[in-house]
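Input: a single structure, listed below in structure tokens.
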Amino acid sequence: MIDSPASIHRRIVATLADYSIALLIGGGIALAFGTSILNPLFSTVLTIAFWLSKSLLEAAFGTTPGKMLTHLHVNHDIHGERLSIYYSSARNAWILLEIIPLVGLVLFSFVAIFLVASCIRACNFMGLHDKFAHVNVLRKNEKHPLNCFKCN
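See the structure below:
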């Protein structure tokens, strides 16, 4: 079966799952080191680690934990192969806006809303960040294990 473009709902759930996992891990590390997750230095390190891990996972495996939960994967839109680390990190670069002092969180929020809106407006749900990095976000269309009539 051919994979289809991922719906905006699945993409939002995948992103929220990835952020939730990152916050749980970051919170655990903050607790272990006796610091606050709101500490500017710690949150900067956590944001960079999140961006780097998300980019590396998408490049190496074509997915993230949130995308795995929602049966999504990413690939290059021209040749259909996995993303290079260059394309993956470029696609996720908007996450780094969060580390800009004073205005970073506001900028990050506006860009996130803008990117979601760009995904909604596109017929194939490709946002501007996807187009910029030549990325397809696809839903894995798998047959039902029982091979029932719904799958044919």
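Reading the sequence shown from the start, the letters are residues 0 to 151 in numbering that gives the first Met the number 0.
Just so it is clear, CB atoms sit at the ideal spot from N, CA and C, and this is done for glycine as well.
Predicted model, so just to flag it, every value in this text is computed and none were measured.
| Query | Result |
| --- | --- |
| Determine the contact status of Val-73 and Gly-61, defining contact as a CB-CB distance below 8 angstroms. | yes |
| Cutting at 6 angstroms between CB atoms, please list the residues of its own chain near Arg-90, excluding the five before and the five after it. | His-128, Ala-132, Val-134 |
| With distances taken from CA atoms, which of Ile-47, Leu-55, Pro-100, Ala-21 is nearest Tyr-85? | Leu-55 |
| Contact between the stretch 23 to 33 and the stretch 95 to 114 is defined here as three or more beta-carbon pairs at a separation below 8 angstroms; is this criterion met? | no |
| Out of Asp-76, Leu-96, Ser-83, which one is the CA nearest neighbour of Phe-109? | Leu-96 |
| Can you give me the start and stop residues for the beta strand (DSSP E) that Val-136 sits inside? | 134 to 138 |
| DSSP beta-bridge partners for Leu-71? | Arg-138 |
| Would you kindly report the start and end of the unbroken alpha helix (DSSP H) that includes Cys-118? | 103 to 120 |
| From the DSSP output, which residues share a beta bridge with Pro-4? | Leu-137 |
| Write down the C-beta distance between Leu-40 and Glu-57 rounded to the nearest angstrom, noting that I regard them as a contact closer than 8 angstroms. | About 26 angstroms separates the two Cβ atoms, so there is no contact after all. |
| With H, G and I counted as helix, E and B as strand and the rest as coil, what does DSSP make of Arg-81? | coil |
| Cutting at 8 angstroms between CB atoms, please list the residues of its own chain near Glu-80, excluding the five before and the five after it. | Asn-74 |
| Give me, in chain order, the residues of the same chain whose beta-carbon lies closer than 8 angstroms to that of His-70; leave out the 5 immediate sequence neighbours on both sides. | Arg-9, Arg-138, Lys-139, Glu-141 |
| Less than 7 angstroms between C-beta atoms, sequence neighbours within five positions excluded: which residues of the same chain meet that for Asp-17? | Lys-53, Thr-63, Pro-64, Gly-65 |
| For Ser-88, which three-state DSSP category applies? | helix |
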